[in-house]
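Input: a single structure, listed below in structure tokens.
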Amino acid sequence: MLKLRQLLNAQRWQTVIVLLLAGLVAGSLLATARSAGSIGEWPAYGGDNRSGKYSRLDQINQQNVQRLQVAWKWESPDGTSSQSNILICVRVNSR
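Under numbering that gives the first Met the number 0, the first residue of the sequence shown is numbered 0, with each subsequent residue one higher.
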């Protein structure tokens, strides 16, 4: 009776593990499909859910590059400007 109970308990754990793995695989496939989007569209900040900031830009070529225009602007709601990577010039031995 004890061996039967141990066997059933082991089978339950195997079932739980298989279901969890299947759920993880399905979730990752769904996330990948959602992040793909259409070519040229950035559905999230940075382009995709990974914030990859990459676009193939197949639509821009030498014939139409001069016609590019600003499509939209975004103003920060707090009205402050951001500053990063301050350039500091250092001279060493008068160079």
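Cβ coordinates follow ideal geometry from the N, Cα and C atoms, glycine included.
Three-state class that DSSP yields for residue i in the structure shown
i: G45; result: coil
i: A52; result: Checking the displayed sequence, the identity of residue 52 turns out to be Lys instead of Ala. Three-state result, K52: coil.
i: I9; result: Note on identity: in this sequence residue 9 is Ala, with Ile being the wrong assignment. A9 falls in the helix class under three-state DSSP.
i: A30; result: helix
i: I16; result: helix
i: Q65; result: helix
i: L21; result: Per the sequence shown, the amino acid found at residue 21 is Ala instead of Leu. Residue state, collapsed to three classes: helix.
i: K72; result: coil
CB of residue i within 8 Å of CB of residue j, strictly
i: N8; j: A30; result: no
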